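Enquirer: Here the protein sequences come in this chain order: A and B.
Residue numbers for the first sequence follow our numbering, beginning at 12 and rising by one.
Residue numbers for the second sequence follow our numbering, beginning at 102 and rising by one.
Idealized CB from N, CA, C, for every residue including glycine.
The model shown is predicted, which means the values in this text are computed figures rather than measured ones.
Sharing a structure below in structure tokens format, with a few things to ask.
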Amino acid sequence: MKALRLLAVGWYYQFKMISRSPFEGIGQVLYPLFFATVAFFIFRASESPRTLLYAALGSAVMGMWSATSTTAGNAMQRERWHGTLESLVATPPHFGLVLLPITLAMATIGIYCLVATLALGRFVFGIDLTVEHPLVFALAIVAAVTSFGALGFLFAVSFVRFRAAWALGNLFEYPVWLIGGFLVPLVLLPEWVRPISWVLAPTWGMSAIREAALGGSPLPDLLLCLALGGVYVGLGLAMLERVLGAARKRGALSLS
Amino acid sequence: MPVVEAQDLHRTYRTSTGTLRRKWMDVEAVRGVTFGIERGELFGLLGPNGAGKTTTIKMLITLLLPTSGTARVLGYDVVKDPREVRKRIGYVFGGERGVYERLSGYDNLRYFAELYGVPPKEIRPRIESLLELVGLKGREQERTEGYSRGMKQRLHIARGLLHDPPVVFLDEPTIGLDPVGARELRATIASLADAGKTILLTTHYMFEADALCDRIAVITRGEIVAEGTPADLKRTVAAGTVVEVEVFGVPDGLVERVRDLEGVTSVSVEEREQAQVLLVQTPTDVELTHTILGTLDGANVGRISRREPTLEDAYVALVSGE
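Rendered as structure tokens:
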């Protein structure tokens with residue numbers, strides 16, 4: 012109960028901080044809109060209105076992923092610049108409970124991207140946004156956000172130890188767009204890429220959202236997405252004590 | 102049993118130079134520091150910049166692992182039981198960093214109250230009373246990015262006390278504050294000591310340590326070179342004399358030349374408006390005024406005086422390693 016409360020309060024204040032930066036906020040909304048616009052023009056060649064919804068959802072999740080992958084690293088960097096990383100590490104709770112709300116707050120920003128992209132599709136491109144299973148669609152979004160946050164958490168664990176690791180977040184951003192099947196169906200990718208896609212929660216989150224919107228069976232994808240999120244958190248927690256120990260040994264916590 | 106005890110603490114940093122052909126070297130920041138702080142005591146760790154004060158304090162608050170040696174806080178080992186130590190200590194770092202600038206002062210405290218496990222019902226009254234204590238009442242809803250350095254510093258103090266810790270570590274808490282702000286902060290520190298907290302204060306301000314501390318350890322180049330009450334430390338140089346020579350433009354190499362004179366205990370230079378004052382410590386029975394003046398050939402000399410040493414002179418003598 013105490014841990015849940017800590018996660019909730021941590022998420023609230025971290026989210027409050029992120030959403031208070033107008034420049035970052037505008038960037039998070041506008042950036043995915045450019046990609047969505049490109050995607051809409053490409054997919055408009057298709058006559059089927061459902062193809063455009065496919066593209067709308069793909070570009071929305073692209074935005075959600077970008078918000079998480081790049082900002083998890085930036086979040087740690089921000090804590091270093093502000094000199095708050097040491098203050099957080101010096102608090103008594105397990106550091107996982109301190110770190111996870113930070114990345115979950117980042118992933119929540121991804122919902123802005125989703126809403127902005129779908130609104131663009133609806134009002135500018137006139138895309139029909141009717142979803143087949145609204146409740147499961149909403150659940151799939153929550154599952155995707157949670158698992159993105161969990162993956163961000165795994166990244167953030169390494170950022171605690173390595174200052175320059177934020178660059179890794181940027182490195183992961185574009186490949187996952189492709190191998191997560193956001194705009195290009197996975198069947199079009201080479202065979203050897205598929206196992207990589209399967210261990211990425213965004214692949215299953217994307218699939219669950221699409222299945223729920225376009226009609227299909229989203230529940231297995233949704234559960235896989237959540238399960239992978241759980242695995243990421245488990246891995247992160249397992250690595251965290253060692254990573255913190257190494258940072259305390261090398262005196263890396265105070266470096267900015 | 103001491104509340105805080107450090108036993109032969111060492112801390113070495115590994116650092117490198119060069120890009121393609123990297124050369125690694127070890128820098129010893131703390132070299133065998135040993136001390137103990139009793140319950141309710143205000144203990145000062147006094148030393149110049151780079152002496153090892155912050156490194157020592159960071160080992161005690163579990164942010165750094167010692168290279169060797171042991172440290173315990175309230176009986177808990179800082180390496181083996183870091184979480185138990187963290188529950189029972191508060192710490193305050195000097196400077197403006199360390200607060201969330203996009204949050205209000207109140208939100209900063211609210212967030213950390215949760216992190217420190219303050220029971221939900223106690224959070225609001227605790228924050229209110231701390232805001233009163235540090236003089237931020239009425240400004241708590243403003244974002245901290247608009248706070249002055251002094252206000253941020255006071256917010257740090259409030260944050261360090263949220264969980265009412267029995268032991269408080271204060272690392273140069275008055276650094277960079279204006280005189281009035283620094284005086285107010287010292288009054289707050291004194292009130293914490295009066296409330297029975299065990300406090301470790303690091304500072305490089307002699308008068309601050311003199312005014313606040315029950316006991317002082319002087320640290321320089323990673324080693325403790327003296328330890329005792331302020332009165333004890335004053336006694337170490339009480340038998341000496343300080344010659345003050347006002348010089349307008351200290352020539353190159355002068356300090357070294359004076360330091361090499363026989364009978365000189367220590368030499369330092371103090372800036373006073375347009376002039377520099379050469380402070381030369383000597384044993385009482387040694388008269389060196391004329392010899393010192395002899396080394397000043399060519400320099401513009403102003404007032405010359407002799408006086409008894411102060412605690413600051415004791416500190417200068419200790420840290421200059423003479």
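On the premise that Leu263 of chain B lies in contact with Ala214 of chain B, defined as a C-beta separation below 8 Å, what is that separation, rounded to the nearest angstrom?
Expert: Numbered from 1 along the second sequence, position 113 holds the residue referred to as residue 214 of chain B. Numbered from 1 along the second sequence, position 162 holds the residue referred to as residue 263 of chain B. Ala214 of chain B to Leu263 of chain B, Cβ: 5 Å. Contact.
Enquirer: From the DSSP output, in three-state form, read off Asn150 of chain B for me.
Expert: For the purposes of this step, residue 150 of chain B is taken as the residue at position 49 of the second sequence. In this structure, Asn150 of chain B counts as coil in the three-state DSSP scheme.
Enquirer: Please list, in chain order, the chain A residues whose beta carbon lies closer than 8 Å to that of Glu215 of chain B.
Expert: By 1-based counting over the second sequence, the position of residue 215 of chain B is 114. Arg16, Leu17, Val20, Gly21, listed in chain order.
Enquirer: So is Thr171 of chain B in contact with chain A if we call contact Cβ pairs under 8 Å?
Expert: Locating residue 171 of chain B in the second sequence gives position 70, where the first residue counts as 1. Chain A, which has no Cβ nearer than 8 Å to the Cβ of Thr171 of chain B, makes this no.
Enquirer: Residues in its own chain within less than 8 Å of Val269 of chain B by CB, not counting five upstream and five downstream?
Expert: Locating residue 269 of chain B in the second sequence gives position 168, counting from the first residue. Only Ile190, Gly191, Tyr192, Val193, Gly261, Leu262, Leu293, Lys298, Thr299, Ile300, Leu301 meet the Cβ criterion.
Enquirer: If you check the beta carbons only, do Glu309 of chain B and Arg336 of chain B fall under 8 Å apart?
Expert: Stepping through the second sequence from its first residue, residue 309 of chain B is reached at position 208. Stepping through the second sequence from its first residue, residue 336 of chain B is reached at position 235. No, they are not a contact pair.
Enquirer: Measure the beta-carbon distance from Glu427 of chain B to Gly195 of chain B and round it to whole angstroms, keeping in mind my assumption that it falls under 8 Å.
Expert: Only positions 102 to 423 of chain B appear in the structure, and residue 427 of chain B is not among them; the question remains open.
Enquirer: To the nearest angstrom, how far is the alpha carbon of Thr119 of chain A from that of Gly160 of chain A?
Expert: Numbered from 1 along the first sequence, position 108 holds the residue referred to as residue 119 of chain A. Numbered from 1 along the first sequence, position 149 holds the residue referred to as residue 160 of chain A. Approximately 8 Å, taken between the alpha carbons.
Enquirer: Quick one: grab the DSSP three-state call for Ser249 of chain B.
Expert: Residue 249 of chain B sits at position 148 when you count from the first residue of the second sequence. Residue state, collapsed to three classes: coil.
Enquirer: Which chain B residues sit within Cβ distance under 8 Å of Met28 of chain A?
Expert: The residue you call residue 28 of chain A lines up with position 17 of the first sequence. Those within 8 Å of Met28 of chain A in chain B are Tyr201, Arg203, Leu204.
Enquirer: Could you tell me the distance, in whole angstroms, from the CA atom of Glu423 of chain B to the CA atom of Arg408 of chain B?
Expert: What you label residue 423 of chain B is simply residue 322 of the second sequence in a count that begins at 1. What you label residue 408 of chain B is simply residue 307 of the second sequence in a count that begins at 1. Summary for Glu423 of chain B: the model assigns pLDDT 47, below 50, so the residue's position carries little reliability; its value from the coordinates is reported in the next sentence. Taking the straight line from one Cα to the other gives about 20 Å.
Enquirer: Could you say if the region 212–231 of chain A and the region 247–265 of chain A meet the contact criterion of at least three C-beta pairs nearer than 8 Å?
Expert: No: the two stretches stay apart, fewer than three of their Cβ pairs being nearer than 8 Å.
Enquirer: Assess contact between the region 69–85 of chain A and the region 40–49 of chain A, defined as three or more Cβ pairs (one per stretch) separated by less than 8 Å. Is contact present?
Expert: Output reads yes: the region 40–49 of chain A touches the region 69–85 of chain A.
Enquirer: What do you reckon, are the CB atoms on Leu256 of chain B and Asn209 of chain B nearer than 8 Å?
Expert: Against the second sequence, residue 256 of chain B aligns to sequence position 155. Against the second sequence, residue 209 of chain B aligns to sequence position 108. Their beta carbons are under 8 Å apart, which means Leu256 of chain B touches Asn209 of chain B by this criterion.
Enquirer: Pull up the distance between the alpha-carbon of Leu161 of chain B and that of Leu96 of chain A, whole angstroms please.
Expert: The residue given as residue 161 of chain B occupies position 60 in the second sequence. The residue given as residue 96 of chain A occupies position 85 in the first sequence. Using only the alpha carbons, I get a separation of about 17 Å.
Enquirer: Let me check one thing: in DSSP terms, what residues is Ile190 of chain B bridge-paired to?
Expert: Here residue 190 of chain B refers to the residue found at position 89 when the second sequence is read from its first residue. DSSP, once it has assigned bridges, lists B:Val268 as partnering Ile190 of chain B.
Enquirer: Establish whether the CB of Asp208 of chain B and some CB of chain A are separated by less than 8 Å.
Expert: Start at 1 with the first residue of the second sequence, and residue 208 of chain B comes out as number 107. Yes, because at least one Cβ of chain A sits closer than 8 Å to the Cβ of Asp208 of chain B.
Enquirer: Pop quiz: Thr156 of chain B and Gln108 of chain B are said to be a contact at Cβ under 8 Å. What is the actual Cβ separation, rounded to whole angstroms?
Expert: Here residue 156 of chain B is taken as the residue at index 55 of the second sequence, counted from 1. Here residue 108 of chain B is taken as the residue at index 7 of the second sequence, counted from 1. With a Cβ gap of about 16 Å, Thr156 of chain B and Gln108 of chain B do not count as contacting.
Enquirer: Using only the alpha-carbon positions, how far apart do Leu235 of chain A and Glu222 of chain A sit?
Expert: For the purposes of this step, residue 235 of chain A is identified with residue 224 of the first sequence, where counting begins at 1. For the purposes of this step, residue 222 of chain A is identified with residue 211 of the first sequence, where counting begins at 1. Going by the C-alpha atoms only, they are around 14 Å apart.
Enquirer: Can you give me the Cβ contacts of Gly115 of chain B inside the same chain, cut-off strictly under 7 Å, excluding the 5 residues immediately before and after it?
Expert: Along the second sequence, read from residue 1 onward, the residue named residue 115 of chain B stands at position 14. Looking at the sequence provided, one finds Arg at residue 115 of chain B rather than Gly. Here the set comprises Trp125, Asp127.
Enquirer: Measure the alpha-carbon distance for Ala56 of chain A versus Leu140 of chain A and round it to whole angstroms.
Expert: Within the first sequence, residue 56 of chain A is the residue found at index 45, counting from 1. Within the first sequence, residue 140 of chain A is the residue found at index 129, counting from 1. Spanning the two alpha carbons is a distance of roughly 18 Å.
Enquirer: Going by alpha carbons, who is nearest to Ile190 of chain A out of A:Met217, A:Leu162, A:Phe170?
Expert: Here residue 190 of chain A refers to the residue found at position 179 of the first sequence. The candidate whose alpha carbon is nearest that of Ile190 of chain A is A:Met217.
Enquirer: Considering only C-alpha positions, which residue in the set A:His93, A:Pro213, A:Leu115 is nearest to Tyr185 of chain A?
Expert: As a working mapping, residue 185 of chain A is identified with position 174 in the first sequence. Among A:His93, A:Pro213, A:Leu115, the Cα nearest to that of Tyr185 of chain A belongs to A:Pro213.
Enquirer: Short of 8 Å in beta carbon distance, which residues of its chain neighbour Ala257 of chain A, apart from the five on each side in sequence? Order them along the chain.
Expert: The residue given as residue 257 of chain A occupies position 246 in the first sequence. Once the five neighbours on either side are set aside, the close Cβ partners of Ala257 of chain A are Arg172, Ala263.
Enquirer: Is the shortest distance between the beta-carbon of Glu97 of chain A and the beta-carbons of chain B less than 8 Å?
Expert: Indexing the first sequence from 1 puts residue 97 of chain A at position 86. Cβ-Cβ to chain B under 8 Å: yes for Glu97 of chain A.
Enquirer: I'd like to know if Val135 of chain A contacts chain B, where contact means its C-beta is closer than 8 Å to some C-beta of that chain.
Expert: Indexing the first sequence from 1 puts residue 135 of chain A at position 124. Chain B, which has no Cβ nearer than 8 Å to the Cβ of Val135 of chain A, makes this no.
Enquirer: Spatial neighbours of Gln375 of chain B within its chain, please: C-beta separation below 8 Å, excluding the five flanking residues on both sides.
Expert: Counting from one through the second sequence, the residue named residue 375 of chain B turns up at place 274. Cβ neighbours of Gln375 of chain B beyond the five flanking positions: Phe349.
Enquirer: Could you list the residues in the region 174–192 of chain B with a C-beta less than 7 Å from some C-beta on chain A, going in chain order?
Expert: Answer in chain order: Arg184, Arg187, Lys188, Tyr192.
Enquirer: Does the beta-carbon of Ala66 of chain A have 16 or more other beta-carbons within 10 angstroms, so that it is buried, or is it exposed?
Expert: Counting from 1 along the first sequence, the entry for residue 66 of chain A is found at position 55. Classification of Ala66 of chain A: buried, given that the 10 Å Cβ count is 16 or more.
Enquirer: If you run the structure through DSSP and keep just helix, strand and coil, what is Ala327 of chain B?
Expert: Locating residue 327 of chain B in the second sequence gives position 226, counting from the first residue. Looking at Ala327 of chain B - three-state DSSP - the assignment turns out to be strand.
Enquirer: Mark Arg377 of chain B as exposed unless 16 or more other C-beta atoms lie within 10 angstroms of its C-beta, in which case mark it buried.
Expert: Locating residue 377 of chain B in the second sequence gives position 276, where the first residue counts as 1. Residue 377 of chain B is actually Gln in this sequence, not Arg. With 16 or more Cβ atoms within 10 Å of its Cβ, Gln377 of chain B is classed as buried.
Enquirer: Quick check on Pro201 of chain A - is its C-beta less than 8 Å from some C-beta in chain B?
Expert: As a first step, residue 201 of chain A must be located in the first sequence, where it is residue number 190. No, its Cβ sits nowhere closer than 8 Å to a Cβ of chain B.
Enquirer: Counting along the chain, where does the alpha helix (DSSP H) carrying Gln382 of chain B start and finish?
Expert: Taking the first residue of the second sequence as 1, we reach residue 382 of chain B at position 281. Looking at the DSSP string, Gln382 of chain B is not in any alpha helix (DSSP H); the run it does join, the beta strand (DSSP E), is 376–384.
Enquirer: Could you work out which residues of chain C lie near Gly218 of chain B, taking near to mean beta carbons separated by less than 9 Å?
Expert: The structure shown contains no chain C; its protein chains are A and B.
Enquirer: Compare the C-beta of Arg31 of chain A with all C-beta atoms of chain B and state if any pair is closer than 8 Å.
Expert: The sequence position of residue 31 of chain A within the first sequence is 20, counting from 1. Cβ-Cβ to chain B under 8 Å: yes for Arg31 of chain A.
Enquirer: Is there contact here, the region 352–371 of chain B with the region 304–323 of chain B, by at least three beta-carbon pairs under 8 Å?
Expert: No: the two stretches stay apart, fewer than three of their Cβ pairs being nearer than 8 Å.
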